[in-house]
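The structure under discussion appears below in the form of structure tokens.
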Amino acid sequence: MTTIPSTPGRLRALWGAALLILAACAPAPTPAPPAEASPFNATDTAWIQLMIPMNEQLLPALALAPPGLAPLAAELKVSHEEELVQLKRLRARAGLSDENPHAGHQMPGLVSEVDLAGLRLDPTGLPAKLREHLDQSALLARGEQDSGADPETRDLAASIAAARAEQTSRLGAVSP
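What follows is the structure, encoded as structure tokens:
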């Protein structure tokens with residue numbers, strides 16, 4: 702019996718042929734399913750990310766309400782907390798971080814730490830801060846309604862816009 706001497710080139714050729722045969726027998730890879738398009742657009746995500754801190758940062762200010770404003774402040778606390786539950790659920794559904802991209806910002810309607818410190822010293826400024834918050838959040842809600850893409854987010858914005866109109870009217874009745 703004769704043996705054929707093996708050479709490195711011949712071994713490589715045999716391995717290459719074996720790999721080709723194995724590759725031909727392997728099932729074709731299945732393509733990944735197409736990524737689902739997000740129902741959220743930039744307006745939706747920006748609105749959600751701004752409304753959460755606007756509501757959260759208002760809550761401590763509501764606790765400073767003078768007696769004549771206390772009943773409305775208590776109602777605003779409840780409504781804003783209920784909105785927060787919905788906004789945070791939308792944030793999770795959109796896959797957004799729970800980090801506040803507006804931390805430290807000075808913006809209309811957003812009660813800052815400086816504003817809160819001032820209100821602690823003189824709560825008589827609360828009605829003006831509340832009006833600013835209500836007006837600005839209504840304006841933002843209308844922007845979401847006009848330019849948002851996600852139907853659930855737009856519905857929440859419509860609900861908030863209607864609530865803000867009623868809340869602003871009530872604020873005017875208690876604190877002209």
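When the letters of the sequence shown are read in order and numbered with my numbering, they come out as residues 702 to 877.
Don't be surprised by glycine CBs; every beta carbon is placed ideally from N, CA and C.
Taking the alpha helix (DSSP H) that residue i belongs to, which residues open and close that run?
i	result
S860	852-875
A829	827-848
Using the C-alpha atoms, what's the distance from residue j back to residue i?
i	j	result
G826	A738	45 Å
K830	G769	16 Å
W748	A859	13 Å
R792	S876	34 Å
L811	A874	23 Å
L838	M752	According to the sequence as given, residue 838 is Ser; it is not Leu. Cα to Cα, S838 sits roughly 7 Å from M752.
Q868	G796	31 Å
Indicate the three-state DSSP secondary structure (helix, strand or coil) for residue i in the structure shown.
i	result
A764	coil
M752	helix
G769	coil
L788	helix
D799	coil
D816	helix
D745	helix
L721	Residue placement at L721 is poorly supported in this model, since its pLDDT is 32, which falls under 50; the coordinates still yield a value, given next. It is helical.
H781	helix
Q758	helix
Closest by CA to residue i, which one among the options?
i	options	result
N801	P772, V779, L840, Q758	Q758
P740	K789, K778, T854	T854
V836	Q750, M755, T746	Per the sequence presented here, residue 836 reads as Asp, with Val not at that position. Ranking the options by Cα distance to D836, first place goes to M755.
D799	M808, L788, Q807	L788
Taking the Cβ atom as the reference point for each residue, do residue i and residue j lie within a distance shorter than 8 Å?
i	j	result
R832	L765	no
T744	G844	yes
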